[in-house]
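>
Protein chains: 2
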Amino acid sequence: MTQSTSVNRRVVLAARPHGLPRLTDFRIEELPVPAPQDGQILLRTEWLSLDPYMRNLMEEVGPGYAEPVALGAPMVGGTVSRVIASRHARFHEGDLVLANAGWQDYALSSGEDLLALGDMAQPSLALGGLGMTGFTAYVGLLDIGQVQAGETVVVAAVTGAVGAVVGQIAKLKGARVVGIAGGADKCRHAVEVLGFDACLDHREPLLAERLAAACPTGIDVYFESVGGAVFEAVLPLLRLGARVPVCGFIAHYNEDALPPGPNRLPQLMASLLQRRIRMQGFIILDHYATRFEAFRRDMAEWVASGRVQLHEARAAGLENAPQAFIDMLQGRNLGKQVVSVADSQAFEPGERPSL
Amino acid sequence: MTQSTSVNRRVVLAARPHGLPRLTDFRIEELPVPAPQDGQILLRTEWLSLDPYMRNLMEEVGPGYAEPVALGAPMVGGTVSRVIASRHARFHEGDLVLANAGWQDYALSSGEDLLALGDMAQPSLALGGLGMTGFTAYVGLLDIGQVQAGETVVVAAVTGAVGAVVGQIAKLKGARVVGIAGGADKCRHAVEVLGFDACLDHREPLLAERLAAACPTGIDVYFESVGGAVFEAVLPLLRLGARVPVCGFIAHYNEDALPPGPNRLPQLMASLLQRRIRMQGFIILDHYATRFEAFRRDMAEWVASGRVQLHEARAAGLENAPQAFIDMLQGRNLGKQVVSVADSQAFEPGERPSL
């Protein structure tokens, strides 16, 4: 399906999922392309970002940091969008902007939430390594995790959008990096392409034993985005004064109720106390005002010098966003998951292959 | 039983407890009073400190921050001790010192772990509000908890040695203080004597609902020393950016195995993330070098001006230390639990009554 100049396709929330979302929880609607009023900008979506936090916004009660998506409303999401028409002084037809247009072909904006992108060789990176997910990795590892040279950093979902950047920043700060990922292909990629010291497949047995062997001096920083069995394997290995930045817990996003026992909360408390561990949740929205400029400067330099590689998994076509999202929640992507919504961009030359 | 000049009574660990310790887990032995060698000091115990951490040292595998007590060895513990004989240049007969002589009448020391106390009106306070437990409250609330004026602070075990000081420091920093304690008498003491804004009896039903009503704007700092049901009531009320210093989890010290489900760890992770909560365990031993002088100066001023009241629960006689310890683990004390080991001190004039 191609983008039309007269029809706005949008993916709306058709039903609140129980557990892993299904395709029937989404519905594609077609509406006329809206017309901008005074002060408004009409945007056409070129790239749509798919991120685990969106699963939380599908619940009736939102996660607190953002409003839940209403039934029948379009799914929300960050986009790279083209200005098609503007009745706003600061934005002009043809401008490329970072926007929050959601899962649809067209959207109106008042301009307040737009960031001009200028010329970028690979604009979709503004949704990933050069944008929200890269920034999450940067703040989480450096500000919350306070990694030091010589320390051991364990990174969950290490081939994902955030994890891959966390691991690479940790390496260039002089840390030893042990990744955890689902599947042998991902682990090979983590070691051979991303250059991490080790990577463990959490689907194989004896994760706790293998992790202990891979971290002979224990773990100084655990970058948490997963929860579940991975955290249980990590907890006994956390060293005195360890830091645990928590940016997600994807293993539990699809749970409808508290999981069965035993209750591991007391064990966590005991570990926090005995080993003076600091765990801190963070939401990247809080940090743009103070840290985004430093991130943008550092990351641009690291990417330009090849010290950080940014990988993308690209789905083609807005109509395939629901399946790509469901796949991502099951860890089927390698790197940042985006959707090329404008057809001309789906197979642009020079893109990196995704596994 | 009185202290003898020739016999050293000591309370040794007779058996490792399962759950709450019993009197049969302890045994009193009598040995000759040892003689100091060159460089050594002979100490006679005047006051023995009883603290929840000691329960952890009764396990075969220690908590990490201190060695477990060996079977047949004397129980460890902080003491206020008198120098009886000295072959050490810095200490002299008659000096009163803060020591780690353990649960016994006499002990030898190399002097390295002694702190001269000078003249104190109430030397036992060096074990409590002016010592380790007061320092724990100070560092936990100010450094880890970073309380601000106008915030709501919830304090578990608020009539205990640490909690009562946490609450009083929070009040003098301009916070609203809601205590949690076991029993109506303690709650009355917390409000009427210690001056807290409210106190909830965790033994009464509907703790979660009552806590929500007592904290209409949520909780900014939760000072954790208990765990269990209290923490479960607190968690949903923690505000954005809340801090949770963890100095203990006494509700779980007597557990032999992981408690039954549901597993509340994922719920904790979700809360940490969504509300950017920082939880941090700390062990007060880590902070003496950097913060003890500031604590000593501030606390001396607060106590002298009456802004902080220090209450003690006193047991009389070393032979009663095991029962007093068991009682303390069940929350039967009000304020810091000490044992007067030197008989002359058991009922000194001017002591505050304990409930």
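Chains V and P, in that order, give the protein sequences. Just so you know, the first sequence maps onto residues 1 to 355 in the working numbering. Just so you know, the second sequence maps onto residues 356 to 710 in the working numbering. Just so you know, even glycine gets a beta-carbon here, dropped at the ideal spot from N, CA and C. Since the model is a prediction, treat every value here as computed from it, not as a measurement.
Exposed or buried, GLN280/V, counting other C-beta atoms within 10 Å across all chains shown (16 or more means buried)?
Here the question's residue 280/V lines up with position 280 in the first sequence. Result: buried.
> Start and end of the beta strand (DSSP E) containing SER271/V?
As a position in the first sequence, residue 271/V is number 271, starting the count at 1. Not the beta strand (DSSP E): SER271/V falls in the alpha helix (DSSP H), residues 265-274.
> Can you look up THR45/V in the DSSP assignment and give me helix, strand or coil?
Taking the first residue of the first sequence as position 1, residue 45/V is located at position 45. THR45/V: strand per DSSP, three-state reduction.
> Please classify GLU93/V as buried or exposed, where buried requires at least 16 neighbouring CB atoms within 10 angstroms.
Reading the first sequence from its first residue, position 93 is the one you call residue 93/V. Under this definition GLU93/V is an exposed residue.
> In chain order, what residues of the same chain have a beta carbon less than 6 Å from the beta carbon of LYS336/V, not counting five sequence neighbours either side?
Position 336 of the first sequence holds residue 336/V. Contacts found: GLY128, THR133, ALA161 and GLU312.
> Could you tell me whether the Cβ of ARG278/V comes closer than 9 Å to any Cβ of chain P?
Indexing the first sequence from 1 puts residue 278/V at position 278. Yes, because at least one Cβ of chain P sits closer than 9 Å to the Cβ of ARG278/V.
> Count the other C-beta atoms from every protein chain shown that fall within 10 angstroms of the C-beta of MET120/V, then say buried if there are 16 or more, exposed otherwise.
Taking the first residue of the first sequence as 1, we reach residue 120/V at position 120. With fewer than 16 other Cβ atoms within 10 Å, it is exposed.
> Report the three-state DSSP secondary structure of GLY522/P (helix, strand or coil).
Locating residue 522/P in the second sequence gives position 167, where the first residue counts as 1. In the structure shown, GLY522/P sits in a helix (DSSP, three-state: H, G or I).
> Mind checking whether ARG630/P and ALA597/P have CB atoms under 9 Å apart?
Here residue 630/P refers to the residue found at position 275 of the second sequence. Here residue 597/P refers to the residue found at position 242 of the second sequence. Yes. Within cutoff.
> Starting from the beta carbon of GLY603/P, find every residue of chain V whose beta carbon is closer than 7 Å, and list them in chain order.
As a working mapping, residue 603/P is identified with position 248 in the second sequence. Those within 7 Å of GLY603/P in chain V are LEU273.
> When you compare the CB of ASN333/V with every CB in chain P, is at least one pair closer than 9 Å?
In the first sequence, residue 333/V corresponds to position 333, counting from 1. It does not; no Cβ of chain P falls within 9 Å.
> Give me whichever residues DSSP pairs with GLU29/V in a beta bridge.
One-based indexing of the first sequence puts residue 29/V at position 29. GLU29/V is bridged to ARG10/V.
> Please confirm whether LEU108/V and ILE28/V have their CB atoms less than 9 Å apart.
Mapped onto the first sequence, residue 108/V falls at position 108. Mapped onto the first sequence, residue 28/V falls at position 28. Going by C-beta atoms, LEU108/V is not nearer than 9 Å to ILE28/V.
> Using the Cα positions of ALA697/P and ALA175/V, report the straight-line distance between them to the nearest angstrom.
Here residue 697/P refers to the residue found at position 342 when the second sequence is read from its first residue. Here residue 175/V refers to the residue found at position 175 when the first sequence is read from its first residue. Spanning the two alpha carbons is a distance of roughly 55 Å.
> If you draw a straight line from the alpha carbon of LEU375/P to that of ARG410/P, how long is it in whole angstroms?
The sequence position of residue 375/P within the second sequence is 20, counting from 1. The sequence position of residue 410/P within the second sequence is 55, counting from 1. In a straight line, the C-alpha of LEU375/P is about 9 Å away from that of ARG410/P.
> Tell me the DSSP secondary structure of PHE586/P in three-state form.
One-based indexing of the second sequence puts residue 586/P at position 231. Looking at PHE586/P - three-state DSSP - the assignment turns out to be helix.
> Strictly under 9 Å for the Cβ-Cβ distance: is TYR577/P near chain V by that measure?
In the second sequence, the residue the question calls residue 577/P occupies position 222. It does not; no Cβ of chain V falls within 9 Å.
> Below 7 Å CB to CB, which residues in the same chain sit around ALA511/P once its five sequence neighbours on both sides are set aside?
Within the second sequence, numbered from 1, the residue matching residue 511/P stands at position 156. Hits under 7 Å: GLY518, ILE535, PHE578, GLU579, SER580, VAL581 and VAL585.
> For chain V, check one thing: does any of its Cβ atoms lie closer than 9 Å to the Cβ of ASP641/P?
The residue given as residue 641/P occupies position 286 in the second sequence. Chain V contact via Cβ: present.
> Tell me LEU593/P's beta-bridge partners as DSSP assigns them.
What you label residue 593/P is simply residue 238 of the second sequence in a count that begins at 1. DSSP output for LEU593/P lists ILE574/P as bridge partner(s).
> Please work out which residues of its chain come closer than 6 Å, Cβ to Cβ, to ARG669/P, disregarding the five sequence neighbours upstream and downstream, and give them in chain order.
Stepping through the second sequence from its first residue, residue 669/P is reached at position 314. Here the set comprises VAL693 and SER695.
> Would GLU734/P pass as a contact of PRO407/P if the rule is Cβ separation under 9 Å?
The question about residue 734/P has no answer here: the residues shown for chain P are numbered 356 through 710.
> Which residues of the stretch 403-434 of chain P have a Cβ closer than 7 Å to any Cβ of chain V? Give them in chain order.
Per Cβ criterion, the list reads PRO418, GLY419 and TYR420.
> Could you tell me the distance, in whole angstroms, from the CA atom of ALA456/P to the CA atom of ILE574/P?
As a working note, residue 456/P is residue 101 in the second sequence. As a working note, residue 574/P is residue 219 in the second sequence. Those two C-alpha atoms are separated by around 40 Å.
> Among all the DSSP beta bridges, which residues are the ones paired with ARG243/V?
As a working note, residue 243/V is residue 243 in the first sequence. ARG243/V is bridged to VAL221/V and ARG278/V.
> Quick one: give me the first and last residue of the beta strand (DSSP E) that GLU301/V is part of.
The residue given as residue 301/V occupies position 301 in the first sequence. Run containing GLU301/V: none in the beta strand (DSSP E); it sits in the alpha helix (DSSP H), 288-304.
> If contact means a Cβ-Cβ distance below 7 Å, which residues of the stretch 483-501 of chain P contact chain V?
Taking 7 Å as the Cβ-Cβ cut-off against chain V, none of the residues of the stretch 483-501 of chain P qualify.
> Please tell me whether VAL341/V has its Cβ less than 9 Å away from any Cβ of chain P.
Mapped onto the first sequence, residue 341/V falls at position 341. No, its Cβ sits nowhere closer than 9 Å to a Cβ of chain P.
> ARG646/P touches chain V at which residues, Cβ-Cβ below 7 Å?
Position 291 of the second sequence, counted from the first residue, corresponds to residue 646/P. Correct list: empty, because the minimum Cβ distance to chain V is about 14 Å.
> Using a beta-carbon distance below 9 Å, is ASN618/P in contact with chain V?
Here residue 618/P corresponds to residue number 263 of the second sequence, with the count starting at 1. Yes, ASN618/P counts as interfacial toward chain V.
> In terms of residues, what are the limits of the beta strand (DSSP E) holding LEU206/V?
Translated into the one-based positions of the first sequence, residue 206/V becomes position 206. LEU206/V -> no beta strand (DSSP E), and no H or E assigned at all.
> Here's the rule I'm using: 16 or more other beta-carbon atoms within 10 Å means buried, otherwise exposed. How should GLU648/P be labelled?
Numbered from its first residue, the second sequence carries residue 648/P at position 293. Its Cβ having fewer than 16 others within 10 Å, GLU648/P is exposed.
> Can you check whether the CB of PHE282/V is closer than 9 Å to the CB of LEU684/P?
Taking the first residue of the second sequence as 1, we reach residue 684/P at position 329. Taking the first residue of the first sequence as 1, we reach residue 282/V at position 282. Not in contact: LEU684/P and PHE282/V (Cβ atoms no closer than 9 Å).
> Excluding the 5 residues preceding and the 5 following SER4/V in the sequence, name in chain order all residues of the same chain whose CB lies nearer than 7 Å to its CB.
In the first sequence, counting from the first residue as 1, residue 4/V sits at position 4. No residues qualify anywhere along the chain.
> Beta-carbon separation of ALA421/P and VAL435/P under 9 Å?
For the purposes of this step, residue 421/P is taken as the residue at position 66 of the second sequence. For the purposes of this step, residue 435/P is taken as the residue at position 80 of the second sequence. Result no, Cβ atoms of ALA421/P and VAL435/P do not sit closer than 9 Å.
> Around the Cβ of LEU453/P, are there at least 16 other Cβ atoms within 10 angstroms (buried) or fewer (exposed)?
Translated into the one-based positions of the second sequence, residue 453/P becomes position 98. Buried: at least 16 other Cβ atoms inside 10 Å.
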